[in-house]
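Remarks on the structure that follows.
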Amino acid sequence: NAVRGAGANNVIMLGGLAYANDLTGWLSHEPADSRGQLAASFHTYNFNVCNMVSCWNSQDLPVAAQAPLITGELGENDCGHGFIDSYMAWADSYRVSYLGWTWDSWSCSGGPALITSYSGTPSGFGIGFRDHLLKIN
């Protein structure tokens, strides 16, 4: 009510437990929104607990069947893009949206980063994310 009471009409992304990596309780605790503008927000990385198709199918698909599902954070910290390639293929097949995390230039071992410099040079993970978006558009 506080967000809508302030006059906001935008979509509100609501995450689950465990840094939004666990959506098992999302549907049973979904708040009412007077605007009907709620989306479930999921975060997934190669180092999270829910990082396999079997988990996405059991935890995320039931939510996606009843509410828009946006992957608010997607990344991997191994300097590659094998994990995100798998996730984006899965997400595309179920019309789940995703955002890469993060536009920062830290070392890939320090955390997921899409770029290696602020001139926009993509990291290994960033290359996979960019190439996938180019392919589907």
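According to our numbering, the residues represented by the sequence shown are 48 to 184, in order.
Note that the Cβ used here is the ideal one computed from N, Cα and C, for glycine as well.
When the options are compared against residue i, the one with the closest alpha-carbon
i      : options                        : result
Met135 : Ser164, Thr118, Ala55          : Thr118
Ala86  : Asn98, Ser75, Val58, Tyr92     : Val58
Leu121 : Ser144, Ser101, Val100         : Ser144
Ala111 : Phe89, Val96, Glu123, Phe94    : Phe89
His76  : Gly83, Gln84, Gly63            : Gly63
Trp73  : Pro159, Trp148, Gln113         : Gln113
Tyr141 : Leu61, Asp107, Leu70           : Asp107
Leu180 : Leu146, Cys126, Gly167, Tyr165 : Leu146
Phe176 : Cys126, Gly157, Ala49, Gly54   : Cys126
Ser166 : Leu61, Phe130, Ser152, Val50   : Ser152
Ala160 : Asp139, Asn124, Ala138, Asp178 : Asn124
Trp137 : Gly158, Ser154, Ser156, Ser105 : Ser105
Three-state class that DSSP yields for residue i in the structure shown
i      : result
His76  : helix
Tyr165 : coil
Ser156 : helix
Bounding residues of the alpha helix (DSSP H) (the contiguous stretch that carries residue i)
i      : result
Met135 : 129 to 140
Phe176 : 171 to 183
Ala49  : 49 to 52
Leu108 : 108 to 111
Residue i versus residue j - alpha carbon distance
i      : j      : result
Gly171 : Ser81  : 42 Å
Asn56  : Pro115 : 16 Å
Val100 : Pro109 : 13 Å
Pro78  : Gln84  : 11 Å
Asp132 : Trp103 : 14 Å
Ile183 : Thr149 : 21 Å
Pro169 : Asn68  : 25 Å
His128 : Ile162 : 13 Å
Val96  : Phe130 : 13 Å
Ala53  : Met60  : 17 Å
Counted within 10 angstroms of its Cβ, other Cβ atoms place residue i as buried (16 or more) or exposed
i      : result
Gly173 : buried
Tyr92  : buried
Phe94  : exposed
Ala65  : exposed
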